[in-house]
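What follows is a set of notes on a single structure, which appears directly below.
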Amino acid sequence: MDAAFTEEQDEIRRTLRTLLRERCGPDEVRAAVQTAPGHDEALWRRLARTLGLPGLALPAAYGGVGCGVTELALACEETGRVLLPSPLLATAVFAAPLVAALGTEAQRAELLPRIAEGALTAALAVPGRALPEALGLVGARDGAWAGGGRAGGVQARPDGDGGTGWRLYGQVEQVPGGHSAELLLVAARAGGYTRGRTLLFLVRAGADGLARTRLTALDATRPQARIELRDVSAELLGVDGGERESMEAVAGALAAVGTAAAAVLAAEAVGAADAALTRTVEYVRAREQFGRPIGSFQAVKHRLADVYVAVQAARSAAYYAAWAAAEGDAGGTEAAVAGGLALAQALEAQRTAAAEAVQLHGGIGFTWEHDAHLYFKRAASDELLFGPVHRLRARAAEREGLFGTAGRAPYGGHEGLGGGVGNSRGVASGGSGGHDGGGTRDGADGRDRPEGPDGRDGLRKAVTA
């Protein structure tokens, strides 16, 4: 791995940082979130036409810049630094890669050039507040997030006119950017209960029966919406290749998008954490108490040093995750594990930096007039939307094979027993000996027993592993 950025990547970062410093200060952010679309449309058009931001990771054949996940992560690190309210995440990170991966040639030719030039915004609508599960960030990749054909999600049925159209019925909560997106990618269940499969459908803005309501979100800089579909006409994204083939294609595309999105979200969180830390350092240098800056007190130094170490470690993890997603297979284990762990570490660093910013700013840090609460809300909202941290790490551990997965209970255990069990690598969870970690099969229940006259040798090997 070459850790040095290219001149082009450095130029992307430098140009975007300069533009956002001029056009996206705290006052501009507060004004933008109060508008109907929830972002500054003039700034979005400039970012699209001048820098090509929406099409940064799209192929040049469809009007994109032709870069990759690394460049998109660097750009989102800068947008996270200023808490930019924009359709960038919903359009370029979630929706556009799905259109490129699953869409037919006609759909790609129609939609991707418009997305790349900023003329079309899009959003991914996943039922049941299950966006991290759908993207494979948390939970097993079993499709349970879609509802399994039961009531409560979005149901799809073929249009009755005998054509290739579909009709959608249902409701989706918490769709990032869904209130203003001109195109919705809706995950819906088709085929009924017994032969159900989850597919993605295109719903155009203004379709009959479509109702969108902007929600009052904790983080106003990342607006969300409730989507209601009442017999709405929709177009299948891609082609229906059969029950099993379609489900595998959709699940694979969502997992690949989740791997790249984890790296991008991690970089965005690092940018926000770094900005919160920078503002706090500037404040403690200027604020005086007992005749000296409070930043000179040892307790304050230690706390800020801990935040600095956390931010730098999260930045390194985010860069590696972006490199792994760009250079390797986006659906591979290494990139997926790196993305999940980087996102967990970045969310944790963002939460720590925002909390310390509020605390060390003293009385002013708790007021609405100060900017510290914006970073605190972003940290809390991101973990609610894409976490929590412990589930991200648990999913990464499962992918890496640190715990046995056969017959595994939802949060650990084996065959519903709840205790840990060793895997083929000899790593044990819950304190029992692994298959190759010094344990022996004993007893009618077939569990591993520590070897040795008093049972300590096997237990010691398991703990060491």
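Take the sequence shown: its position 453, counted from the start at 1, is 531 in this note's numbering, and no numbers get skipped. Note that CB positions come from ideal geometry on N, CA and C, so glycine has one too.
- In the three-state scheme derived from DSSP, where H, G and I count as helix and E and B as strand, Leu277 is classed as strand.
- Classified as exposed, Glu313 has fewer than 16 neighbouring CB atoms from the shown chains inside 10 Å of its CB.
- With respect to Leu355, Ala431 sits close: the two C-beta atoms are nearer than 9 Å.
- Exposure of Ala120 is indicated by the presence of fewer than 16 other C-beta atoms within 10 angstroms of its C-beta.
- When DSSP states are grouped into helix, strand and coil, Asp297 belongs to the coil group.
- Collapsing the DSSP output to three states places Glu326 in a helix.
- Burial check for His380: the Cβ neighbour count within 10 Å stays below 16, so the residue is exposed.
- With contacts defined as CB atoms closer than 9 Å, Leu280 and Leu261 qualify as a contacting pair.
- Distances from the alpha-carbon of Val385 to those of Pro371, Glu412, Leu343 and Ala433 put Ala433 closest.
- Assignment of Leu314 by DSSP, reduced to helix, strand and coil, places it in the strand class.
- Taking the CA atoms as reference points, Ala353 sits about 23 Å from Pro254.
- Per DSSP, the continuous beta strand (DSSP E) segment holding Gly248 begins and ends at Trp244 to Pro254.
- If you compare the alpha carbons of Ala283, Gly274, Ala344 and Gly336 with that of Met325, the shortest gap goes to Gly274.
- For Leu263, the enclosing beta strand (DSSP E) begins and ends at Leu261 to Ala268.
- Cα atoms of Ala208 and Leu246: separation of roughly 18 Å, rounded to the nearest angstrom.
- Around the C-beta of Trp446, fewer than 16 other C-beta atoms lie within 10 Å, and the residue is accordingly described as exposed.
- The beta carbon of Gly214 lies closer than 6 Å to those of Ala333 and Gly336 in the same chain, with the five residues before and after it left out.
- For Arg91 against Glu156, the beta-carbon gap comes to about 6 Å, under 8 Å, which counts as contact.
- For the pair of segments examined, the region 124-138 was found to touch the region 194-201: the number of CB pairs separated by less than 8 Å reaches three.
- For Gln87, the enclosing alpha helix (DSSP H) starts and ends at Glu85 to Arg101.
- The region 390-407 makes no contact with the region 361-380, as fewer than three CB pairs between them are under 8 Å.
- The alpha-carbon of Leu152 is positioned some 38 Å away from that of Arg370.
- Per DSSP, Gln185 is one residue of the alpha helix (DSSP H) stretching across Glu183 to Ala194.
- Here Ala422 is near Ala474, since their CB atoms are less than 9 Å apart.
- Distance between Gln185 and Leu315, taken at the CA atoms: about 8 Å.
- Membership of Gln233 in the beta strand (DSSP E) is indicated by the continuous run Val232 to Pro236.
- A Cβ-Cβ separation of about 4 Å places Ala344 in contact with Ala396 under the 8 Å criterion.
- Ranked by Cα distance from Gln252, the first of Glu412, Pro205 and Ile442 is Pro205.
- If you look at Ala151, you'll find it in the alpha helix (DSSP H) that goes Val147 to Arg159.
- Per DSSP, reduced to three states, the secondary structure at Gln367 is strand.
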